[in-house]
Structure formats: structure tokens, C-alpha cells
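Everything below concerns the one structure shown next.
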Amino acid sequence: MTQNKPKLLIIEDDVGLQKQLRWSLDAYDVVVAGDRESALALLRRHEPAVVTMDLGLPPDPDGATEGLATLQSILALAPDTKVIVLTGNQDHANAVKAIGMGAYDFHQKPCDQEVLNLVVQRAFFLHSLQHENRRMMQSQADSPMSGVISRDPGMLKVCRSIEKVAPTSASVMLLGESGTGKEVLARALHQLSPRATNRFMAINCAAIPENLLESELFGYEKGAFTGAAKQTKGKVELASGGTFFLDEVGDLPMALQAKLLRFLQERVVERIGGHDEIPVDVRVICATHRNLKELAQSGRFREDLYYRLSEIVVTIPPLRVRDGDAALLAHHFKNKFCAMESRPTLHFSPEALAAIEAYAWPGNVREMENYIKRAVIMADGSAIQAEDLGLDVEAEEQPINLRQIRDEAEYKALVKALARSDGNIVKASEALGISRPTMYDLMARHAIKGTNA
Ligand SMILES: Nc1ncnc2c1ncn2[C@@H]1O[C@H](COP(=O)(O)OP(=O)(O)OP(=O)(O)O)[C@@H](O)[C@H]1O
Ligand SMILES: [Mg+2]
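Using the UniProt record's numbering, you'd call the opening residue of the sequence shown number 1 and step up by one each time.
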């Protein structure tokens with residue numbers, strides 16, 4: 001059962017001490033290296049958050065040259081690693097030097113088991129705090145509004161519209177294919193509205209049988225029908241003061257369309273079996289993946305209701321037309337599910353990323369979420385391969401005429417490279433084969449903001 005233990009790298013050339021340390025630190029999934037080369041190989045392979053190291057390593061077991069050089073290589077390769085230096089009594093000067101070079105802490109040999117465990121534990125804690133902190137900062141930069149990850153200009157425009165309409169009382173209709181984030185945006189709108197401290201109530205008209213929908217929406221009085229044992233408020237009434245989200249409103253049966261319209265006009269509800277008109281103040285947001293205008297024109301949806309519900313219409317673009325978002329979301333979900341499964345963070349192989357970008361994602365973000373979750377579970381080793389995703393991708397890429405749309409292509413290339421490198425500007429510029437200053441110039445010209453410095 002080493003799987004859920006955090007990985008700890010011990011660098012120690014003395015076999016006796018190796019054993020002793022392994023034994024003292026058995027709360028961790030320990031890997032041991034005896035020299036610089038194997039230490040770096042294990043670091044690359046396991047990415048341990050914490051390393052303990054002896055400064056006296058071969059070929060300089062009595063000095064500290066090799067130990068300090070190893071420390072330097074570790075921090076160059078993985079700067080966030082917390083390195084705890086274990087030193088002999090007479091080695092104080094080198095221990096201080098190591099701290100100056102970026103070691104996290106030092107500890108005197110022979111080691112007190114309890115103290116060493118505490119030091120190691122604290123190092124892991126600090127590492128995870130820093131990691132979480134970075135993740136939050138990063139997700140904010142990639143997140144134009146609560147719950148929404150995107151850098152696509154079309155989606156950013158959608159977010160701006162949501163921000164604009166949030167403070168008003170206008171009814172908002174969210175249109176978009178399934179899985180594009182209609183509910184996420186409805187919630188974000190509620191959060192940004194003056195009603196945020198009150199309830200957000202959602203009802204999915206497609207998921208509830210027609211005969212139950214009315215009582216779900218408007219509630220009922222005791223004895224209104226068989227089984228109506230006590231007075232029950234409907235979702236509309238429960239949302240009072242807050243926001244009421246009608247999902248899949250295109251599936252609302254005609255009879256209920258009339259009742260909903262009446263509510264929107266009069267702003268009162270009448271529970272089934274009741275005689276009182278109860279005033280209710282709610283903001284209505286609705287969503288559908290259907291073409292509601294067409295349904296209205298062909299008489300399958302009340303036109304008057306359509307106009308009431310659609311004071312503001314926001315159309316959410318499908319994932320396949322969002323620039324760079326597929327890779328960006330894939331990274332986001334990968335990191336999220338790795339954390340949830342307590343797996344060390346995996347990365348995508350280049351083929352896996354290419355497949356993610358080439359796939360059309362008919363089920364949009366929801367489909368992506370499911371695929372990445374499965375891939376995180378299926379992946380062996382430290383990378384998610386294209387096979388782990390199991391995407392059915394067409395071999396041929398869509399040709400782009402670069403000459404005609406040069407500027408647009410440049411913009412797209414930048415956004416995509418940044419998304420693929422998870423926001424790392426240096427990596428993105430390398431991938432594009434341009435210098436870092438050129439990358440910054442181009443980003444400034446296209447008004448693209450970076451996440452990482
Ligand atoms: N831009 C986004 N960033 C991060 N997560 C997202 C984004 N858009 C959607 N999601 C996630 O994808 C899933 C589907 O989103 P949501 O339920 O809002 O979509 P929907 O359009 O209502 O889908 P459906 O038509 O299936 O009801 C949710 O788990 C949501 O958290
Ligand atoms: Mg939904």
C-alpha cells in the first residue's frame with residue numbers, strides 16, 4: 001500500500017543509514033539514491049515533494065562538494081522541492097551554505113526519529129500549501145468568472161455579457177449545446193447579481209415527468225391530490241428573493257407554458273389545490289439546447305412566453321470553436337482529478353494533447369470532463385497517452401489558409417501554444433520557435449495576458 005503515501009526521496013550513500021532512514025520514515029513512500037546521478041533520475045521519475053540528503057556523497061564522501069552540487073541540480077530541475085540536508089556535527093558551515101542555496105532546512109546526524117519526522121511532515125505541508133496557492137492563482141488567471149475556465153475570445157465575450165446583465169432584473173436565456181456550461185453560467189450570473197445571498201433554485205424540465213412538473217414548480221396544498229400529505233412549496237416559491245433556473249425550458253409542456261407565462265406576467269404563484277395568490281419575487285434564467293425560436297415559430301413553444309423569457313439571449317459557443325480551450329480545460333480537469341484521486345500530477349503526451357485538440361467534443365465540456373477522468377484512472381506511469389483517452393479522432397486536420405487570415409492565425413497560434421504549455425511563456429515561445437522577447441511583443445500586440453511570469 002504505497003500508493004497513497006507521499007513520495008520521499010532519500011539521498012544517502014551509507015547503506016546502514018539508508019536502512020535506518022527508510023525505517024524511521026515509513027510513513028512515506030520512500031525511494032533511495034546513493035549518488036547524484038541516481039538521485040536526479042529518481043527525481044525526474046517520481047517528482048517527490050520532499051528530499052532528504054546527505055552532503056557527503058561519492059566521490060567526495062568526506063566533503064560537501066558533491067552534495068552541494070547535487071542540491072543545486074535538484075533545485076534547478078524541480079525548484080519547488082523541499083530539500084532537507086542531513087549533516088554531521090562539524091558540518092555547520094556547509095549546512096548554512098546549503099540553506100543559502102535554497103535547501104529548505106537542515107538536521108543534525110545522528111537523527112532523532114521523532115524530530116526528523118516532524119521536519120519532513122512540515123516540509124510536505126508547506127509544499128502542498130504552495131502548490132495549492134499556485135493552482136488557485138493560475139486558475140484565477142484562466143478563469144474569467146467563477147467556475148468558468150476559458151481563454152477563448154468568444155467565451156470571454158459571453159462572460160462580459162453575463163457580468164453586464166447580472167445586476168439587472170432582465171430575464172436571461174442561455175442557449176448552447178449540451179455540456180457547454182449553461183448551468184455554470186447561470187450560477188455565475190446569480191453570484192454576480194444582487195440576489196447572490198439568496199437561493200439559486202434549478203429545475204430541469206426534461207428530467208421530471210409531466211404530471212409531477214407542476215407541483216415541483218408551483219407546490220401544492222395539503223389534500224390537493226392523493227398523496228399530498230402536507231402543504232409543500234414549489235421551487236419558484238422557494239427561490240423567493242433569489243434566482244430561479246429553468247433548465248431545458250424547451251421541454252416544458254404546453255399546459256405548463258401557460259402557467260409559467262401567467263406567473264411571469266403577474267408575479268404570483270398559486271399552489272395546486274390552493275386559492276391564494278402568493279406574490280413571489282424571483283429572477284428567471286432559462287436554458288435550452290434546442291432552437292427555441294424555431295419551436296416558437298412552428299407553434300411548439302408559446303411565442304409570448306418565448307419573448308418573456310428571452311429579454312437577453314446569451315449564446316454559448318461549443319467547445320470545438322473555442323480557441324485553445326480544449327487543451328486548457330484538459331489540463332484543468334487532469335489536475336483536478338489527479339488531486340481527487342491522490343495521484344501525483346500526470347502530464348499529457350504530445351499525441352494525447354494532439355488528440356484532445358483534434359477531437360470535435362460533441363458533448364462539449366461535460367464530455368471532456370468524463371474522458372479526462374477516465375484517462376487519469378487508466379494512465380500507467382507519469383503520462384496520459386493518446387490510448388488512455390480512447391478518442392475517436394479523424395486523422396486529417398482541417399487546412400487553414402495562413403495567407404488570408406494571417407493575423408488571426410498568429411493570434412490562434414499564440415493562444416494555443418500558451419494553453420498547451422499550461423501558461424508557461426518560455427515553453428510556449430520555444431514551441432513556436434521564437435525568442436522570449438518576440439513572444440512578449442506578440443502577446444502585447446494581440447493583448448494576450450500571461451499567467452506565469
Ligand atoms: N468553462 C468551463 N470551465 C470549467 N468547467 C466547466 C466549464 N463549462 C462547463 N464546465 C463543467 O462541465 C460540466 C457541464 O457543465 P454544465 O452542467 O454547466 O453544462 P450544461 O450546458 O448545463 O450541460 P447539459 O446540457 O448537459 O445540462 C459541469 O461539470 C461543469 O462544471
Ligand atoms: Mg445543464
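The beta-carbon is built from N, C-alpha and C at its ideal position, and this holds for glycine as well.
Between the segment 171 to 190 and the segment 302 to 312, the count of C-beta pairs closer than 8 Å reaches three or more; the two stretches touch. Valine 30 has Leu8 as its beta-bridge partners, per DSSP. Listed in chain order, the non-local C-beta contacts of tyrosine 28 below 6 Å within the same chain comprise Lys5, Pro6 and Leu8, local neighbours out to five positions each way being set aside. Annotation: the continuous alpha helix (DSSP H) that includes threonine 65 extends over 65 to 77.
Between ligand 1 and leucine 329, a heavy atom-to-CB distance of less than 7 Å is present.
Every residue whose beta carbon comes nearer than 6 Å to a heavy atom of ligand 2 appears here in chain order: Lys182, Glu183 and Asp247. If you look at asparagine 204, you'll find it in the beta strand (DSSP E) that goes 200 to 204. The beta carbon of alanine 375 sits closer than 6 Å to the beta carbons of Ile384, Asp388 and Leu389 from its chain, once the five residues preceding and following it are set aside; these are given in chain order.
In chain order, Arg36 place their CB closer than 8 Å to the CB of alanine 69, counting only its own chain and leaving out the 5 sequence neighbours on each side.
Of the residues Glu266, Ile84 and Thr168, the one whose Cα lies closest to the Cα of alanine 196 is Thr168.
By the CB criterion at 8 Å, serine 193 and arginine 283 fall inside the cutoff. The beta-bridge partner set that DSSP reports for arginine 283 consists of Thr243. Fully enclosed alpha helix (DSSP H) runs of no fewer than 4 residues occupy 325 to 340 and 350 to 358 of the segment 307 to 375, in order along the chain. Counting along the chain, the unbroken beta strand (DSSP E) around phenylalanine 106 starts and ends at 105 to 108.
Only residues of its own chain outside the window of five on either side were considered, and among them Pro279, Val280 and Asp281 have a CB closer than 8 Å to the CB of arginine 267, listed in chain order. Lysine 233 carries a strand assignment under DSSP once its states are collapsed to helix, strand and coil. Rounded to whole angstroms, the separation of the alpha carbons of alanine 98 and proline 79 is 14 Å.
If only complete runs of 4 or more residues are kept, the segment 112 to 146 shows the alpha helix (DSSP H) at 113 to 141, in order along the chain. Looking at the DSSP output, leucine 175 sits in a beta bridge with Thr288 and Thr315. For the pair arginine 366 and alanine 103, the Cα-to-Cα distance works out to about 43 Å. Beta bridge pairing from DSSP links leucine 185 with no other residue. Not a single heavy atom of ligand 1 lies less than 7 Å from the C-beta of arginine 320. When rounded, the separation of the alpha-carbon atoms in histidine 190 and glycine 241 is 11 Å. When the beta-carbon positions are compared, arginine 322 and glycine 154 come within less than 8 Å of each other. Short of 6 Å from the beta carbon of alanine 428, and not among the five residues preceding or following it, lie these beta carbons of its own chain, in chain order: Ala417, Leu418 and Ser421. If you draw a straight line from the Cα of phenylalanine 125 to the Cα of glutamine 113, it is about 18 Å long. Relative to ligand 1, the nearest heavy atom lies less than 7 Å away from the CB of arginine 366.
One thing to note: proline 253 has its Cβ within 8 Å of the Cβ of glutamate 210.
Rounded to whole angstroms, the separation of the alpha carbons of asparagine 335 and serine 342 is 10 Å. Spanning the alpha carbons of leucine 329 and aspartate 62 requires a straight line of approximately 50 Å. Counting only unbroken stretches of 4 or more residues, the alpha helix (DSSP H) elements lying wholly within the segment 399 to 439 are 406 to 420 and 425 to 432, in sequence order.
Under the DSSP assignment, isoleucine 99 falls outside any beta strand (DSSP E), being part of the alpha helix (DSSP H) whose first and last residues are 92 to 101. Minimum Cα-Cα distance from isoleucine 377 among the listed residues Glu408, Pro344, Pro350 and Ile356 corresponds to Pro344.
Sixteen is the threshold: when 16 or more other Cβ atoms of the shown chains lie within 10 Å of the Cβ of leucine 292, as they do, the residue is buried.
Looking at Val96, Leu391, Gln231 and Ala228, the one whose alpha-carbon comes closest to that of isoleucine 372 is Leu391.
Aspartate 60 and isoleucine 11 do not touch by the CB rule: their CB atoms are close to 14 Å apart, not below 8 Å.
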